[in-house]
Amino acid sequence: MPSTPTRKQLARDERIEIISQLKDGNTLLQIARNIGRTATSRKGRGRHPKLSEDRLTGVIGWIRTGFDNRCKSVDQIVAELNLSVCRETLQRRSRLGA
99 MPSTPTRKQL ARDERIEIIS QLKDGNTLLQ IARNIGRTAT SRKGRGRHPK LSEDRLTGVI
159 GWIRTGFDNR CKSVDQIVAE LNLSVCRETL QRRSRLGA
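Just so we're aligned, residue 99 is where the sequence shown starts under our numbering, counting upward by one.
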């Protein structure tokens, strides 16, 4: 367990400000913008993909452009396109097979 809180607690003045803005009829999103905080404390989940959707679409399009490209192995595709991923990653993301 970390010794410090994982998120910053609201200060007394911020809590008072939130209560007064709620009484004025502001939404939680408006209040969050006004005090410079996020509306929720949700954290981003999961790891970012090594191969973006745009890049993957480009790779698949390149493979489909010609017969020679379709006959290449996954290792040859990774080498020719200078992809910064291993062959297993490309196979998983594109479902090219084994």
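For glycine and all other residues, C-beta sits at the position ideal for the given N, C-alpha and C.
Asked: Buried/exposed call for Ile117, threshold 16 Cβ in 10 Å; Found: exposed
Asked: Exposed unless 16 or more other CB atoms sit within 10 angstroms - verdict on Gly195; Found: Confidence at Gly195 is low in this model, with a pLDDT of 47, below 50, so the placement of that residue is unreliable and no value is reported for it.
Asked: The segment 165-173 touching the segment 133-142, judged by at least three CB pairs closer than 8 Å; Found: no
Asked: Where Gly159 falls: helix, strand or coil (DSSP); Found: helix
Asked: Nonlocal neighbours in the same chain, by C-beta distance under 6 Å from Leu126, ignoring five residues either side; Found: Ala137
Asked: Alpha-carbon to alpha-carbon, Gln128 and Thr187; Found: 42 Å
Asked: Alpha helix (DSSP H) segments (min. 4 residues) lying fully within the segment 126-183; Found: 126-133, 151-162, 165-168, 172-178
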